[in-house]
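Peer 1: According to my numbering, the stretch in the sequence shown is residues 3 to 48, in order. Quick reminder that beta carbons are idealized off the backbone N, C-alpha and C, glycines included. The model shown is predicted, which means the values in this text are computed figures rather than measured ones.
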Amino acid sequence: EEVGQSFAVTRERIRQIEAKALRKLRHPSRSRKLRAFLEGPSRDYL
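(1) Do you know how far the Cα of ARG15 is from the Cα of GLU41?
(2) Alpha carbon to alpha carbon, what distance is there between ARG25 and GLY6?
(3) How close, in whole Å, do the beta carbons of ARG13 and GLU20 come, if the pair is a contact with beta carbons under 8 Å?
(4) Start and end of the alpha helix (DSSP H) containing GLU14?
Printed below as a string of structure tokens:
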């Protein structure tokens with residue numbers, strides 16, 4: 003709810019945006035890139 007107020011959108015719209023972002027992250031090509039990034043040579047940035 004706080005996020006919705008900050009961006010002047012409804013709670014439902016925030017839920018939709020979150021669901022879409024998670025769906026994108028679960029896509030095989032994106033998850034491979036993310037995994038490669040997280041398992042990269044340097045983990046100091048985490």
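Peer 2: This is what the structure gives:
(1) On the sequence shown, position 39 is the one that residue 41 refers to. On the sequence shown, position 13 is the one that residue 15 refers to. Rounded to whole angstroms, GLU41 to ARG15 spans 33 Å at the Cα level.
(2) The sequence position of residue 6 within the sequence shown is 4, counting from 1. The sequence position of residue 25 within the sequence shown is 23, counting from 1. Cα to Cα, GLY6 sits roughly 20 Å from ARG25.
(3) For this step, residue 13 is matched to residue 11 along the sequence shown. For this step, residue 20 is matched to residue 18 along the sequence shown. The pair is not a contact, with the Cβ atoms about 11 Å apart (cut-off 8 Å).
(4) To locate residue 14, count along the sequence shown from 1; it is residue 12. For GLU14, the uninterrupted alpha helix (DSSP H) run begins and ends at 13-28, by DSSP.
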